[in-house]
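Residue numbers (our numbering): 1 to 520. The C-beta atom is built at its ideal place from N, Cα and C for all residues, glycine as well. See below for the structure under consideration.
In structure tokens, the structure reads:
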């Protein structure tokens with residue numbers, strides 16, 4: 001039963017369950033300490049004898065496709081989030097399931113957004129048993145209130161691919177919303193009225209799910225090229241009036257910050273990268289899509305121009321500012337994992353140096369290397385950081401689950417990981433003695449940049465040496481914590497019930513931490 005399983009203390013000192021939703025789990029062992037064995041999971045073998053000789057896999061409705069796929073109680077249903085807050089398909093799936101009386105489904109999204117809040121009614125009526133994916137906003141509050149019937153499972157983007165590839169999660173039915181597709185099932189995200197960019201987050205779903213349904217509002221003659229999803233993996237195709245609202249992929253994330261404090265954070269972070277020797281000809285970087293991270297990218301562009309240099313590649317989330325760097329010759333390639341605005345969609349469609357990638361190439365830890373390891377620097381955010389440099393991105397200090405992990409954990413393997421964060425938010429310290437939830441081990445987090453100073457992880461003696469004679473405000477993490485507490489006071493520790501409502505997986509599939517029910 002939820003919250004009653006045996007717990008053990010893992011290698012980072014967190015109490016985690018050994019059984020989650022009836023499945024045995026492995027506690028976190030440390031970075032690189034868990035080695036998988038066996039072979040990759042394989043879906044059911046198919047035969048061309050069972051599919052139309054003319055290649056036409058069209059069925060009239062999504063409901064019929066789900067019936068054909070054998071939708072029944074307890075199945076795992078997957079969706080992708082490339083439409084972000086403009087997704088129109090996930091809710092339709094579970095409305096159909098509820099209409100059919102199907103119960104105890106597992107929803108396995110690559111991420112959720114505010115637009116998915118209506119699914120709470122299906123969590124309440126038992127159509128959905130639990131979510132294995134991000135539980136943002138209202139879904140997160142529902143979960144931390146202990147209202148979900150099962151235990152939520154939070155994974156990174158790479159961890160999601162790993163879980164499917166390794167057979168940790170077996171997808172019964174994958175429903176892939178595609179802005180453009182042909183009747184054979186080839187599909188892409190760059191063409192059509194609902195173009196959203198690439199479809200890489202649906203790659204594992206297409207490759208490993210037992211049944212795959214492509215849903216599109218832009219049916220084109222065979223072949224649909226480029227194909228981000230290959231029709232050879234697809235069982236059925238459904239044409240609908242609209243699959244998503246492309247304007248809502250922006251989700252308010254691609255505006256440059258106007259906050260003087262956040263602009264100062266961006267400037268200080270860029271200055272650190274310059275003085276530490278990170279910005280050089282041919283370097284590589286990744287920055288998120290928040291206002292501070294976008295500003296850092298603009299500072300990088302100015303520095304590259306001034307030095308007459310260019311970056312070899314930038315990892316995306318792409319946006320108009322990264323596209324401008326590509327078009328201005330300041331970066332040679334964008335290796336894009338998710339398109340954050342319509343300028344990014346257009347660039348991916350038209351520019352061969354704007355390359356679509358997937359969690360397999362970029363983030364999967366159970367592979368023969370990945371792109372994240374090749375980055376010279378990655379700029380990320382966090383809700384909390386502690387004196388051991390452990391960081392949290394899913395809960396706030398009040399314990400409420402409000403965010404997903406995304407690719408955050410995977411990016412920690414870059415050669416230098418920097419978290420520009422305010423010292424406090426709403427009079428609550430961000431730098432703390434201990435984070436509420438551990439999402440990233442401190443040994444992988446190299447630099448914390450706040451408006452009141454920069455803390456370098458003592459493990460990074462090379463970085464400390466490079467900036468020892470600089471004019472940068474270098475301080476210890478303990479000094480930053482003490483200053484935050486002088487200003488805001490020492491925060492009281494949040495009190496939780498024993499009941500575990502969700503777990504945080506590490507990139508190798510082990511359990512890093514538990515999220516417990518908020519005490520009323």
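Which residues in the same chain have their Cβ closer than 6 Å to the Cβ of residue 287, if we skip the five residues on either side of it in sequence? 293, 296, 297, 379
One or two residues paired with residue 175 in a DSSP bridge: 213
Please work out which residues of its chain come closer than 8 Å, Cβ to Cβ, to residue 225, disregarding the five sequence neighbours upstream and downstream, and give them in chain order. 186, 188
Taking only the alpha-carbon atoms, compute the straight-line gap between residue 30 and residue 115 and give it to the nearest angstrom. 36 Å
Classify residue 278 as helix, strand or coil using the three-state DSSP reduction. coil
Ends of the beta strand (DSSP E) at residue 152? 152-154
Please return the same chain residues whose Cβ sits closer than 6 Å to the Cβ of residue 87, not counting the five positions on each side in sequence. 115, 244
Thinking C-beta only, is residue 213 closer than 8 Å to residue 80? no
Residue 35: buried (16+ other C-beta within 10 angstroms of its C-beta) or exposed? exposed
Residue span of the beta strand (DSSP E) that contains residue 312, given as start and end: 311-318
Segment limits, beta strand (DSSP E) that includes residue 333: 331-339
According to DSSP, residue 112 sits in a beta bridge with which residue or residues? Looking at the DSSP assignment, residue 112 forms no beta bridge with any residue, so it has no partner.
Is residue 120 helix, strand or coil by DSSP? helix
For residue 209, which option in 450, 43, 496 has the closest C-alpha, if you only look at C-alpha atoms? 43
Apart from the five residues on each side of it in sequence, which residues of its chain come closer than 7 Å, Cβ to Cβ, to residue 96? 62, 63, 66
As an exercise, report each continuous beta strand (DSSP E) stretch of at least 3 residues that is fully enclosed by the stretch 397-452, in chain order. 417-420, 447-450
Three-state secondary structure (DSSP) at residue 17? strand
Report the residue from 431, 455, 59 whose alpha carbon sits nearest the alpha carbon of residue 269. 455
Work out the CA separation of residue 128 and residue 171 for me, nearest whole Å. 15 Å
Ignore the nearest five residues each way along the sequence and tell me which others in residue 514's own chain have a CB closer than 8 Å to its CB. 7, 14, 15, 16, 17, 500, 502, 503, 504
Cβ pair residue 418, residue 449 closer than 8 Å: yes
Let me confirm a value: residue 461 is counted as buried when at least 16 other C-beta atoms fall within 10 Å, else exposed. Which label applies? exposed
Own chain, CB closer than 7 Å to residue 273, minus 5 neighbours either side, in chain order: 279, 377
How big is the Cα-Cα spacing for residue 165 and residue 40? 6 Å
Alpha carbons only, please: which of 192, 371, 351 is nearest the one belonging to residue 285? 371
Step through the CB atoms of chain D and report whether any lies within less than 8 Å of the CB of residue 41. Protein chains in the displayed structure number just one, and chain D is not present.
Once the 5 residues before and after residue 174 are set aside, which same chain residues still bring their CB inside 6 Å of it? 78, 205, 209, 212
Quick one: which unbroken alpha helix (DSSP H) runs of 4-plus residues sit fully inside the stretch 32-70? Chain order, please. 62-68
Exposed or buried, residue 486, counting other C-beta atoms within 10 Å across all chains shown (16 or more means buried)? exposed
Where residue 360 and residue 507 are concerned, what is the direct C-alpha to C-alpha distance, given to the nearest angstrom? 12 Å
What are the uninterrupted segments assigned as beta strand (DSSP E) that are 3 or more residues long and contained completely in the stretch 339-377, given in chain order? 354-356
Look at the Cβ atom of residue 463, then the Cβ atom of residue 311, and state whether they are nearer than 8 Å. no
Which same chain residues, not among the five before or five after residue 9, have their C-beta less than 6 Å away from its C-beta? 15
Could you pull out every residue in the same chain whose Cβ sits closer than 7 Å to the Cβ of residue 301, ignoring the five residues on either side in sequence? 325, 330
Quick check on residue 37: buried or exposed, where buried means 16 or more other Cβ atoms within 10 Å of its Cβ? exposed
Suppose you measure from the CA of residue 231 to the CA of residue 50; what does that come to, to the nearest Å? 15 Å
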